[in-house]
Each structure stands twice: as structure tokens, then as C-alpha cells.
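Colleague: Quick one: the structure is below, questions incoming.
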């Protein structure tokens, strides 16, 4: 398990915030949001920092085979090449013509429903300068949380009025080497991971000289609006506290945040080991395991052991599942709202610790299959709507594991002009409990040995982190055998 690198001393000077408005007139209207968007645990800002370096062949990044847009694209790039903040600001303004709700204001009405007032108020935008090279910070790989916080601003209290608050804000930080970071502050009520990637891709395309986004955004939030129902149990987790297990280290306000680094070889060997467990138990493997299944099961058990859960208490594993293509009928291409539900597994602490890991992973796989069924999806949305309307609070004071996979969002394939993405670093946030959320992320584009591997961002009480690292290091030991 990688530890946080020593961070060189540097300073960041922020300029004044300005509001970037759509470059053309946009509709003036009030839009409602879906049941999933309205879910109270999502009504918070997420903060993610994206690191970019200048391409070595920066003068060749425009597609000169596109004769229609050659002149426009070349002029756009030439004008903005030396000033990335200006380039990104202009791309944001153009993207907001299509994603105009993001330039509005978000608030809950008297009925407790989220509404976004589309008034072209603009997106808070801040330019900053750092007096160091981004490469000296390893493009933020393994960087500390306090350092990351210098590269993203919290705009939730900026320009708040009767229409609400801004759902999105950006900080562009320029480094002395020519590298840059984009700190994105975004309300999770507006976009999920794929929706965020879609918006950033649209901005990216404008910096490449395109006249419009390849994929047009679709609102259609009513598609995922549920109804209130009599609480019929969907599975064994409904109507219960998230977990009845306890840890001697919780609750606590002293948390450590770290990344576990897992190579592709480690993942491959773990899959082979679990298949062998199944064969040795005289079962016939019906399907292979995916990376998210095996790492999800492994991390769940590792965290439970690190937290020293009591054996006779229940512990919950939640895998967030995208439903865009599983909803019937499927959601339209371009939908950028929240479109995920939870696939839940509950086991006793003793079983999680002692049973073969392959059995735990099989439970996760079966739970995924159930969660992809349309009846399950619709009922899950209805339960979310009912829970909110009944004003039930979901509090998590016990150790659960919520697992989210960011590896396939394509965030490291989204560049801006002549700057290519190298790394993404989220700042941990509290959704249902600070220790719950684990993010499965692609490795930074720095170490060839990590190609095909993964990083897992975890948060744990200080006394539990050392044991967790031992569990993760056991994967590396197998690689060294």
C-alpha cells in the first residue's frame, strides 16, 4: 500500500472569482429533478482535482483533416495555447449553452423538492497560480488532502440568493512548468460520475475546435421519479440500520485517508485464487469474477478486519450500480443526472472474516444480477422516494463499505487543448458516514507498472489504517512469490 509522499513546500495565489455565463442566450425556466437527484445524502458538493501536463507535440493536436473547421480550430488553439485558463473559461462558456441548467441556481422548495432555476446566473470560476512545478508534486499522486484543498474552491456559499446556490464551480491552477489542474466543485444532486464526465468531454471538445458537443445533453429527470409506496422489503437491508456491527475505533473524528495501489498482476492472481477456492470446494464455477467484484470483496473484508468488527454484528456492502442501460426502456444517450442504485449484501462479521473470500465475492456477484432487474430498479427508486417523503434520516455510525467504480468513466482520456490528463484526485466526502465510501479509480499515468491496475481510496480511523495496509500488502507479497 502506497503512503502519502512528502509534499514540497509551495504556495497558491488565488485571483478573484468571476461568473462565467453561457456564450449564447439560454432558456429561462425552472426544472425539477429526479428521485435519485433528490436523495438527501447526495445534496453536497463533491471536490475533485484533475491534473494535466502539456503535450510534447502541442502544435499538432488539431485534426487538420477536418477542412470545414480547420481555420476556426487553428485560430482557437493559437489564441488560447499560452493561456490555458482563458481557453478553459471560453470552453466552459460554450458548453453552458448546452448544459444551461448548470449555469442556474439550485435550492429546495417548500415541499422539500430540489428545483433548479435556469437564469444564466453563471458558474463561479477562479484562476490561481502555484509557485512550483506540477511534476514536483508527482501530478498529485499520493498527495495529502490538505494540499489538494488548495487546488479546489468551495463555492457553496458564494453568491447565494433566493434562487439558491450555484451547483458547480471551477478553479484552474497554473504551475510554473506549464502544467495545470482543474478543481471541480459540483453538487452531486445534479450529476453523477458519467454525467460529470460527459460535461467535461463537451468542454474538452470546444478546446479542440469543435463547434458543438458530439453528445448532446438530455434532461428528462422525470424518467427516474418514483412514487411513495407502502414499505415492502426489497431485500434484507430495508427497514434496518445500515449495520449493527460495532468497532472499538468508531465513532471518531480522527480519520486517515489513503490510497491502496493494486497492480494488474495482483488482480489477476486474486481472481485465479478465488476460482481455485471454488474448485477445491467441489463447486463448478459458472462465471468468472470481475475486477470490481474481487476487489470489492477483498476491501470489504480488509476494512472489517482493520476495524475489528464484533463477530456477531451485521455489516453491509453496497456497490453502486449504473442503470442507464438496464432501465426499461433505457435512458437516452446524453442523460447526465444521477442514474445509479445500490446493490446490497449483508453478512455477519464472523462470516465475513472467516468464510472463503470466494463465497463473499459470489454474494456480491449475485447481488449485482438482482440489482440489474428492472423491477428491482423501479422499486429501489420508489423506496428512495418514500424514505425522503417520510423524512427518514439515514445515519451511519457503524462500519459499512460503499464501493464506487470510477475506472470506466474515461476521465483520464479527457484533455483540454494541448494539455493531457495525468491524474484525478478526489477529496473524500461524507455521504452516509465518513468511513463508508471507497472509490475504485484508475492509476495515474506515471508508473508503467501500474498500467491495468487500480487505486482504492479509503478512509479509516487512525488505529485501523495500519492493519488495513497489512491486508493490502498481502496481495503484493503474492506477486513477489
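Residue numbers (our numbering): 3 to 483.
For glycine and all other residues, C-beta sits at the position ideal for the given N, C-alpha and C.
Use the C-beta contact count for residue 320: other C-beta atoms within 10 angstroms, 16 or more gives buried, fewer gives exposed.
Modeller: Under this definition residue 320 is a buried residue.
Colleague: Output the distance between the C-alpha atoms of residue 154 and residue 290, rounded to the nearest integer angstrom.
Modeller: If I take the Cα positions, the gap works out to 40 Å.
Colleague: How many Å lie between residue 334 and residue 13 at the Cα?
Modeller: Each residue's Cα considered, the two are about 45 Å apart.
Colleague: In whole angstroms, what is the alpha-carbon distance linking residue 53 and residue 475?
Modeller: If you take the alpha carbons of residue 53 and residue 475, they lie about 27 Å apart.
Colleague: List the DSSP bridge partners of residue 132.
Modeller: BP columns for residue 132 point to 14.
Colleague: Look at the alpha carbon of residue 27 and the alpha carbon of residue 43, and state the distance between them as a whole number of angstroms.
Modeller: So the two alpha carbons sit approximately 33 Å from each other.
Colleague: Find out if the Cβ-Cβ distance for the pair residue 189, residue 219 is shorter than 7 Å.
Modeller: No.
Colleague: Considering only residues of the same chain and omitting the five flanking positions on each side of residue 443, which have a CB-CB separation below 6 Å?
Modeller: The answer, listed in chain order, is 408 and 457.
Colleague: Please state whether DSSP places residue 27 in a helix, a strand or coil.
Modeller: Coil, per DSSP.
Colleague: Between the segment 359-366 and the segment 199-219, are three or more C-beta pairs nearer than 8 Å?
Modeller: Contact between the segment 359-366 and the segment 199-219 is absent, because fewer than three Cβ pairs lie under 8 Å.
Colleague: Between residue 119 and the rest of its own chain, which residues show a CB-CB distance below 6 Å, the 5 nearest in sequence each way excluded?
Modeller: Hits under 6 Å: 32, 106, 107 and 165.
Colleague: Taking its Cβ as the centre, do 16 or more other Cβ atoms sit within 10 Å of residue 345, making it buried, or is it exposed?
Modeller: The residue in question, residue 345, is buried, as its Cβ has 16 or more Cβ neighbours within 10 Å.
Colleague: Given a threshold of 16 other Cβ atoms within 10 Å of its Cβ, counted over all protein chains shown, does residue 349 qualify as buried or as exposed?
Modeller: Its Cβ being crowded by 16 or more others within 10 Å, residue 349 is buried.
Colleague: Could you give the first and the last residue of the continuous alpha helix (DSSP H) run that contains residue 158?
Modeller: Residue 158 -> no alpha helix (DSSP H), and no H or E assigned at all.
Colleague: Within 10 angstroms of its Cβ, does residue 244 collect 16 or more other Cβ (buried), or is it exposed?
Modeller: Unreliable placement is indicated for residue 244, whose pLDDT of 47 sits below 50; no coordinate value is reported for it.
Colleague: Under DSSP, the alpha helix (DSSP H) around residue 49 begins and ends at which residues?
Modeller: No alpha helix (DSSP H) holds residue 49; the beta strand (DSSP E) holding it covers 47-56.
Colleague: Check whether the Cβ atoms of residue 306 and residue 322 lie closer than 7 Å to each other.
Modeller: No, the Cβ-Cβ distance between residue 306 and residue 322 is not below 7 Å.
Colleague: Take residue 308 as the anchor and find which of 314, 280, 193 and 355 has the nearest alpha-carbon.
Modeller: Closest option to residue 308, Cα to Cα, is 355.
Colleague: Where does the unbroken alpha helix (DSSP H) through residue 266 begin, and where does it stop?
Modeller: Counting along the chain, the alpha helix (DSSP H) containing residue 266 begins and ends at 266-282.
Colleague: Note down, in chain order, each residue of its chain lying with its Cβ closer than 6 Å to the Cβ of residue 132, except the 5 sequence neighbours on either side.
Modeller: Around residue 132: 12, 14, 175 and 177.
Colleague: Which one or two residues does DSSP pair with residue 259 in a beta bridge?
Modeller: DSSP lists 461 as partners of residue 259.
Colleague: When DSSP labels each residue in this structure, what does residue 191 get in the three-state scheme?
Modeller: Coil, per DSSP.
Colleague: What are the boundary residues of the alpha helix (DSSP H) that includes residue 361?
Modeller: 359-373 is the span of the alpha helix (DSSP H), which, as asked, contains residue 361.
Colleague: Do residue 358 and residue 256 have their CB atoms nearer than 7 Å?
Modeller: Against a cut-off of 7 Å, the Cβ pair of residue 256 and residue 358 comes out as no contact.
Colleague: To the nearest whole angstrom, what separates the beta carbons of residue 25 and residue 91, a pair I think is in contact under 8 Å?
Modeller: About 11 Å; that fails the 8 Å criterion.
Colleague: Whether or not the segment 140-152 and the segment 423-431 are in contact is what I'm after, with contact meaning three or more pairs of Cβ atoms, one per stretch, closer than 8 Å; do they touch?
Modeller: Contact between the segment 423-431 and the segment 140-152 is present, because at least three Cβ pairs lie under 8 Å.
Colleague: Pull up the distance between the alpha-carbon of residue 451 and that of residue 265, whole angstroms please.
Modeller: Each residue's alpha carbon lies about 7 Å from the other.
Colleague: If you run the structure through DSSP and keep just helix, strand and coil, what is residue 327?
Modeller: Correct three-state label for residue 327: coil.
Colleague: Please name the residue or residues paired with residue 345 in a DSSP beta bridge.
Modeller: DSSP, once it has assigned bridges, lists 321 as partnering residue 345.
Colleague: Excluding sequence positions up to five away, which residues of its chain have a Cβ less than 7 Å from the Cβ of residue 247?
Modeller: Closer than 7 Å at the Cβ level, and outside the excluded window around residue 247, lie 311, 312, 315, 316, 317, 351, 400 and 401.
Colleague: Indicate whether residue 198 and residue 431 have their beta-carbon atoms separated by less than 7 Å.
Modeller: Cβ atoms of residue 198 and residue 431: not closer than 7 Å.
Colleague: Opposite residue 427 in the DSSP bridges: which residues?
Modeller: In the DSSP output, where bridge partners are listed per residue, residue 427 has 51.
Colleague: Using CA coordinates, which residue listed in 374, 212 and 10 is at the minimum distance from residue 418?
Modeller: Nearest C-alpha to residue 418: 212.
Colleague: Which partner residues of residue 167 appear in the DSSP bridge assignment?
Modeller: 108, per the DSSP bridge assignment.
Colleague: Hey, how far is the Cα of residue 339 from the Cα of residue 39?
Modeller: So the alpha carbons of these two residues sit roughly 7 Å apart.
Colleague: Below 6 Å CB to CB, which residues in the same chain sit around residue 274 once its five sequence neighbours on both sides are set aside?
Modeller: Cβ neighbours of residue 274 beyond the five flanking positions: none.
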